[in-house]
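J.:
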Amino acid sequence: MAPRAHIATYKICGGANQCFSFSQASGLDQAIADGVDVLSLSIDSYPERLHESNIAKASFVAMEKGIFTSACAGNSMGNVRKEVVNDAPWILTVGASTTDRRVRAVVRLGNGMEFYGESAYPLEISNGTGTVPLVYPGKVDNTPARLGCMKEGLSGLNVTGKIVLCAVGEIENHEKVEIVKKAGGVGVILLGQKWNGQTTYAESLELPSVWMGNLDTVEIVNYALNTDDATGEIAFQGTQFGYRPAPAVAGLSVTGPSKYNGGILKPDILGPGINILAAWHKQVGPSPTGSDDRAFNFGSGCSMATPHLAGIAALLMSAHRDWSVAMIKSAIMTTALTKDKDGNPIIDERNENVTQPASLLTTGAGQVNPSAAYDPGLVYDIQPHDYVRYLCGRYNDDNLVSGITHGSGSEKTIYRTVTNVGDAASTYAAEVIEPEGVSVEVNPGTLEFAAAMENKSFNVTLKAKSKMRWGEHREGYLYWKSADGKYKVGSPILVQY
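Note that the sequence shown ends on residue 500 in the numbering used here; no numbers are left out.
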């Protein structure tokens, strides 16, 4: 993302994903002392209060020194969607989105139906399994061992020369495949669960295998359950581009808002985070050459999205050396895309309704748009001392790009100031997409600038039109649009009851 950038790497985690807080603090302190410009933190943990979080405290010090922090919002790979982490207001909190690239594999069933998933199995070794019998251990019983293809789950089953259907979960996928391989199986269909949604992953495993989205999983399982002598085939089709819809919120990306830190809409932004080719230090699946000679693997999660945003921040900091950390963060967020490549609202692949627009609680401002962030028109600046008001609980006082307004049947007024970093003489008009059941008034409705770096203030008054149930939320958007059509500066609005 940032060609010729120098990368300084600090080890703060040990084996088995052990990332102790004191190690995090030590590594961050050293990076700050070394004078880095950007911190990229692909670290998932659990929600913490700001005064208890070493990352929040270290990143605050970094921000005071002009160091930008991009951090992982968290990954959710279970039945309950996990809460967002790394949620301090001075951190750019990054969620994961999909791309329009698929490492495509197809499952062809004996009834003629075809379903598309993903696999990184090397085409140099095999282009598929051919048509063979299917075995679904869950047909015997629905215990976790059977469904998840654990070692004891295959007892009493003849899988020699067959494709085995294995639900994702319980143990790692590579363990499932190794168990099936030792039992004589020739392929594995990895059945994405409801909590995986429609997101698929390209993994290089020891047997021809394919990861399926949950909706396709249901169809494949129904066929296996209701068909005697079920058969199927796995075939690989390689890398393909132009997949739609894209981008979308990945099934593993966490949802907001912040558990402890009020008034913040988190995550802030989405970045490419699924099946990202990255440097790797371990052997990856079967080797076409018979030796461990590869240095790359596909990775997925906010750990992949976070460095994308860190690189974009580095480019912006290089181009705008007089901008503060908050201005860089604002430029990224206010220019984010809320529509996919076909002009439709970004969807959330975890939703069963695949056409339902994603919530602001998963998208934040939207999908990062690097070229627009280079020239955003207006930015929201915040100085380090301004965060003191936030830390004292005055959530609506800070000049944040986005925020959450709490209330029921009440009126709230939010005050903001923007800085002109676009054309010197320019005029902007407010355009509002009102949250359902909430009226929004912007005053003044027009901002006129005579010079670059000039500040203008405005306020936004939100008023509930009717009572709503506790826990409900409503979403909208505020845009400042330049008169010449060059700039469109967006801020999400979320009203929570």
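No residue lacks a Cβ here, since even glycine has one placed at the ideal position from N, Cα and C.
Since we're looking at a predicted model, the values are computed, not measured.
Taking C-alpha atoms, which residue in Q21, A28 and H54 lies nearest to N264?
T.: H54
J.: Alpha carbons only, please: which of G369, H9, I70 and N57 is nearest the one belonging to A249?
T.: The candidate whose alpha carbon is nearest that of A249 is G369.
J.: Of the choices L273, A298 and R247, whose alpha-carbon is the least far from that of A282?
T.: Minimum Cα distance to A282 is reached at A298.
J.: Considering C152, what are the terminal residues of the beta strand (DSSP E) in which it resides?
T.: It is not in any beta strand (DSSP E) - C152 carries neither H nor E in the DSSP assignment.
J.: If we count the other Cβ atoms within 10 Å of its Cβ and call it buried at 16 or more, is G527 buried or exposed?
T.: With the chain running from 4 to 500 in the structure shown, residue 527 is simply not present.
J.: Return the CA-CA distance between S29 and A61, expressed in angstroms with no decimal places.
T.: 9 angstroms
J.: Apart from the five residues on each side of it in sequence, which residues of its chain come closer than 6 angstroms, Cβ to Cβ, to A238?
T.: V109 and G131
J.: DSSP state of H476, grouped into three classes?
T.: strand
J.: Are S2 and V404 close, meaning C-beta to C-beta below 8 angstroms?
T.: Coverage of the chain is limited to positions 4 through 500, which leaves residue 2 absent and any answer about it impossible.
J.: Going by DSSP, name the residue or residues bridged to N423.
T.: L381
J.: So the candidates are G188, T365 and D426; which of them puts its Cα closest to the Cα of G380?
T.: D426
J.: Quick one: residues in its chain with C-beta nearer than 6 angstroms to the C-beta of D351, no 5 flanking neighbours on either side, listed in chain order?
T.: The beta carbon of D351 sits closer than 6 angstroms to the beta carbons of V252, A361 and T365 from its chain, once the five residues preceding and following it are set aside; these are given in chain order.
J.: Based on the DSSP output, what are the partners of P136 in its beta bridges?
T.: T234
J.: Considering K197, what are the terminal residues of the alpha helix (DSSP H) in which it resides?
T.: K197 -> no alpha helix (DSSP H), and no H or E assigned at all.
J.: Could you check if Y418 is buried or exposed, using at least 16 other CB atoms within 10 Å of its CB as the buried criterion?
T.: exposed
J.: Is it a yes or a no for the region 136-146 touching the region 321-332, going by three-plus beta-carbon pairs under 8 angstroms?
T.: no
J.: Can you check DSSP and say which residues form a bridge with T449?
T.: For T449, which the question treats as bridged, DSSP gives the partners A432.
J.: Select from N446, S79 and N462 the residue whose C-alpha is nearest the C-alpha of S256.
T.: That would be S79, whose Cα lies nearest to the Cα of S256.
J.: Quick check on M66: does DSSP put it in helix, strand or coil?
T.: helix
J.: Would you call the CB atoms of I223 and G188 closer than 8 angstroms?
T.: Taking 8 angstroms as the Cβ cut-off, I223 and G188 do not qualify as a contacting pair.
J.: Mind listing, in chain order, the continuous beta strand (DSSP E) runs of no fewer than 3 residues lying wholly within the region 233-304?
T.: 234-244, 272-275, 279-282 and 299-302
J.: Evaluate H311 with the Cβ neighbour count: other Cβ atoms within 10 Å of its Cβ, from every protein chain shown; 16 or more gives buried, anything less gives exposed.
T.: buried
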